[in-house]
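In the numbering used here, the protein residues as written are 72 to 393.
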């Protein structure tokens with residue numbers, strides 16, 4: 072297996088009543104690859120699946136990586152395995168860090184987190200505090216008992232403010248986002264991470280208040296569903312540029328599934344369009360984008376990429392660079 076690192080689970084501990092922090096160290100004892108806030112790793116779990124988890128905590132040290140995994144009631148196996156089976160001392164394979172959600176220079180940074188969406192933003196907050204950049208973190212949870220890194224976020228800060236909003240205390244995101252997002256002043260950036268509805272609301276409010284799209288950044292932990300995604304009845308043809316081979320893609324299969332069935336190697340990971348592992352250049356055809364890893368600007372750019380695990384084609388034929 073190429074481009075993977077062997078790590079050992081060095082510690083497991085609770086973060087709130089729903090999340091589990093996991094510390095990973097290199098099996099060979101050497102420093103791990105450097106990373107910046109917003110980065111994530113692919114974790115190859117022994118149960119045979121691969122999941123993406125944002126790195127959190129401080130990015131200054133290379134002695135260990137820290138991830139935080141929420142127990143999902145609708146788990147497809149990843150969070151369930153971490154919470155119920157993973158133990159200290161186990162060896163795991165992980166990818167080097169990838170960053171699709173990087174911090175940009177700004178005079179002030181507004182961080183908006185909901186649920187487990189805190190993980191990359193907590194790393195951003197620690198970094199901004201360390202480098203002296205002004206920031207405000209708003210963290211929305213159902214209850215104080217479910218908040219991760221509660222003790223750490225409650226410590227006094229020199230350059231930022233961390234505010235925790237609990238739904239059971241009358242401070243839900245639905246009612247609070249409009250108040251915490253104000254018109255931008257100076258060179259500001261807004262980062263949102265959490266459920267799709269939370270990020271959509273944050274983006275819509277910020278846009279209405281005059282935030283330029285270039286100053287808005289978000290990362291999804293689950294696919295954004297829309298009515299169009301349910302319309303998979305149209306069959307189209309996918310063609311490989313390298314060989315000219317072509318196959319029909321029926322409504323009940325993804326492009327990735329069809330390619331794999333025909334012996335084509337596809338770099339799958341999340342299989343939900345949120346990690347970018349299977350993004351492939353498109354040479355000809357009209358893409359029906361259904362991923363959340365690409366921005367709207369990227370989806371409308373002249374150079375098109377398609378997420379083979381979830382996106383489809385609006386044209387009868389799709390020629391991809393494979």
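All residues carry an ideal CB built from backbone N, CA and C; glycine is no exception. These figures come from a predicted structure and were not determined experimentally.
Proximity of residue i and residue j at Cβ, strictly below 9 Å
| i | j | result |
| --- | --- | --- |
| residue 280 | residue 243 | no |
| residue 117 | residue 163 | yes |
| residue 290 | residue 206 | no |
| residue 349 | residue 122 | no |
| residue 312 | residue 181 | no |
| residue 93 | residue 137 | yes |
| residue 135 | residue 197 | no |
| residue 257 | residue 179 | yes |
| residue 228 | residue 195 | no |
| residue 127 | residue 220 | yes |
| residue 160 | residue 75 | no |
| residue 234 | residue 208 | yes |
| residue 199 | residue 210 | no |
| residue 346 | residue 364 | yes |
| residue 237 | residue 222 | no |
Cα-Cα separation between residue i and residue j, rounded to whole angstroms
| i | j | result |
| --- | --- | --- |
| residue 154 | residue 265 | 20 Å |
| residue 416 | residue 386 | Absent from the model: residue 416. The displayed extent of the chain is 72 to 393, so no value can be given. |
| residue 87 | residue 381 | 33 Å |
| residue 391 | residue 213 | 44 Å |
| residue 357 | residue 337 | 21 Å |
| residue 188 | residue 331 | 32 Å |
| residue 405 | residue 375 | A query on residue 405 cannot be resolved here, the shown segment of the chain reaching from 72 to 393 and no further. |
| residue 120 | residue 388 | 31 Å |
| residue 275 | residue 169 | 27 Å |
| residue 299 | residue 108 | Annotation note: pLDDT 41 at residue 299 (below 50); position unreliable, no value reported. |
| residue 240 | residue 104 | 41 Å |
| residue 294 | residue 218 | Note on residue 294: pLDDT 46, under 50, position unreliable in the model; the coordinate value appears next. Their Cα atoms are separated by approximately 23 Å. |
| residue 351 | residue 99 | 34 Å |
| residue 72 | residue 83 | Since pLDDT at residue 72 reaches only 45, below the 50 mark, its modelled position is unreliable, and no value is offered. |
| residue 323 | residue 150 | 27 Å |
| residue 245 | residue 101 | 45 Å |
| residue 95 | residue 384 | 40 Å |
| residue 288 | residue 368 | 12 Å |
| residue 90 | residue 325 | 32 Å |
| residue 366 | residue 113 | 21 Å |
| residue 344 | residue 327 | 12 Å |
| residue 148 | residue 273 | 30 Å |
| residue 333 | residue 370 | 27 Å |
| residue 152 | residue 186 | 19 Å |
| residue 85 | residue 156 | 14 Å |
Distance between beta carbons of residue j and residue i, contact taken as under 8 Å
| i | j | result |
| --- | --- | --- |
| residue 115 | residue 165 | 7 Å |
| residue 320 | residue 310 | Contact flag wrong, Cβ pair sits at about 11 Å. |
| residue 125 | residue 191 | 4 Å |
| residue 31 | residue 362 | The requested residue 31 is not part of the displayed model; the chain covers only 72 to 393. |
| residue 260 | residue 141 | That pair is no contact at about 25 Å. |
In DSSP terms, what residue i is bridged to
| i | result |
| --- | --- |
| residue 106 | In DSSP, residue 106 forms no bridge with anything. |
| residue 42 | The structure shown has nothing for residue 42, since the chain only spans 72 to 393. |
| residue 351 | 377 |
| residue 113 | 123 |
| residue 308 | 319, 388 |
| residue 289 | 263 |
| residue 370 | Partner(s): none; residue 370 has no beta bridge. |
| residue 149 | None; residue 149 has no bridge partner. |
| residue 395 | The requested residue 395 does not occur in the structure, where the chain is confined to residues 72 to 393. |
Short CB-CB distance (under 9 Å) between residue i and chain B
| i | result |
| --- | --- |
| residue 315 | The question asks about chain B, but that chain is absent: this structure has only one protein chain. |
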